[in-house]
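Peer 1: Under this note's numbering, the first residue of the sequence shown is numbered 13, with each subsequent residue one higher. Note that the Cβ used here is the ideal one computed from N, Cα and C, for glycine as well. Quick caveat: nothing in here was measured; it's all calculated off a predicted structure. Have a look at the structure that comes next, please.
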Amino acid sequence: MYSGAGQRRQQVRVGVEVAELADREFAVWLLAHGVDDQDRPTRSSLVERAGSLGLDSEHVVERFLRDGLLVAVDPAADDAVGFAEEHQLFPLLQGLGPDPDQPWMQTVGLLNHPVAQVSVAVYDVLMWAQLAPELWTGCNDAAKVAVQAGVTAPEETDPRQVLAGVLGQVHGLLCVRAAYFDRRRVR
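Written out as structure tokens, the structure is:
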């Protein structure tokens with residue numbers, strides 16, 4: 013998208029608002045979502061990585077955090093539930109089911125083209141997430157279904173542990189654009 017005197021801008025939506033970002037700001041925003049499924053960016057690692065690419069990012073990251081374009085949350089911290097009560101997770105790719113080589117893991121992608129791999133608990137939350145009014149309800153629902161199915165593993169039956177699993181694995185989905193977070197819808 014071009015804005016003004018031919019200056020290129022990227023649009024990022026947060027709820028009903030749209031933020032326009034210059035290409036360099038958009039690059040920082042993309043880096044914040046991780047570069048692979050093992051990457052768990054923090055504020056300092058994001059600033060460092062962006063700096064290594066020649067992007068002046070410290071003030072950009074602070075602005076993104078202030079404006080809600082980014083949210084810093086520790087999966088194990090108490091504020092993780094608060095985050096989950098205020099945000100919704102949306103899948104952008106289809107669930108493809110168990111990985112043939114690792115059946116305890118589930119795959120997400122497009123028609124026989126897996127793009128990401130997640131645990132069963134994260135897969136359940138992701139595939140039903142658009143039906144929950146916020147992530148926390150989705151984690152509670154997934155835990156209840158697991159209990160009804162006879163699962164006993166706490167990482168699948170305890171909503172708090174399900175949430176920690178989702179937040180711990182979500183960068184693997186975000187970095188390949190398999191899912192995104194948004195503010196929860198007000199009903």
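Considering only their Cβ atoms, is the gap separating V174 from C151 smaller than 8 Å?
Peer 2: As a working mapping, residue 151 is identified with position 139 in the sequence shown. As a working mapping, residue 174 is identified with position 162 in the sequence shown. Yes, they are a contact pair.
Peer 1: Quick one: grab the DSSP three-state call for D170.
Peer 2: Residue mapping note: residue 170 aligns to position 158 of the sequence shown, counting from 1. It is coil, neither helix nor strand.
Peer 1: Identify whether Q50 lies in helix, strand or coil by the three-state DSSP scheme.
Peer 2: On the sequence shown, residue 50 is found 38 positions in, with the first residue counted as 1. It is coil, neither helix nor strand.
Peer 1: Grouping DSSP H, G and I as helix and E and B as strand, with all else coil, what is E32?
Peer 2: Taking the sequence shown and counting its residues from 1, one reaches residue 32 at position 20. DSSP places E32 in strand when its eight states are reduced to three.
Peer 1: In the DSSP assignment, find the beta strand (DSSP E) that holds A191 and state where it starts and stops.
Peer 2: To locate residue 191, count along the sequence shown from 1; it is residue 179. Segment 191–195, the beta strand (DSSP E) holding A191.
Peer 1: For G107 and V130, I'd like the C-alpha separation in whole angstroms.
Peer 2: On the sequence shown, residue 107 is found 95 positions in, with the first residue counted as 1. On the sequence shown, residue 130 is found 118 positions in, with the first residue counted as 1. Rounded to the nearest angstrom, the two C-alpha atoms are 10 Å apart.
Peer 1: Can you tell me where the beta strand (DSSP E) holding G107 begins and where it ends?
Peer 2: As a position in the sequence shown, residue 107 is number 95, starting the count at 1. 106–110 is the extent of the beta strand (DSSP E) around G107.
Peer 1: Once the 5 residues before and after V127 are set aside, which same chain residues still bring their CB inside 7 Å of it?
Peer 2: By 1-based counting over the sequence shown, the position of residue 127 is 115. Here the set comprises L105, V120, G121, V188, A190.
Peer 1: What residues are listed by DSSP as bridge partners for G121?
Peer 2: Position 109 of the sequence shown, counted from the start, is the residue given in the question as residue 121. Beta-bridge pairing links G121 to Q106, P126.
Peer 1: Determine the DSSP secondary structure at S69, reduced to helix, strand or coil.
Peer 2: Stepping through the sequence shown from its first residue, residue 69 is reached at position 57. Residue state, collapsed to three classes: coil.
Peer 1: Check this for me: beta carbons of L65 and P53, under 8 Å apart or not?
Peer 2: The sequence position of residue 65 within the sequence shown is 53, counting from 1. The sequence position of residue 53 within the sequence shown is 41, counting from 1. Contact flag unset, no.
Peer 1: In the DSSP assignment, the alpha helix (DSSP H) including D90 goes from what residue to what residue?
Peer 2: In the sequence shown, the residue the question calls residue 90 occupies position 78. Unbroken run through D90: none, as it is neither H nor E.
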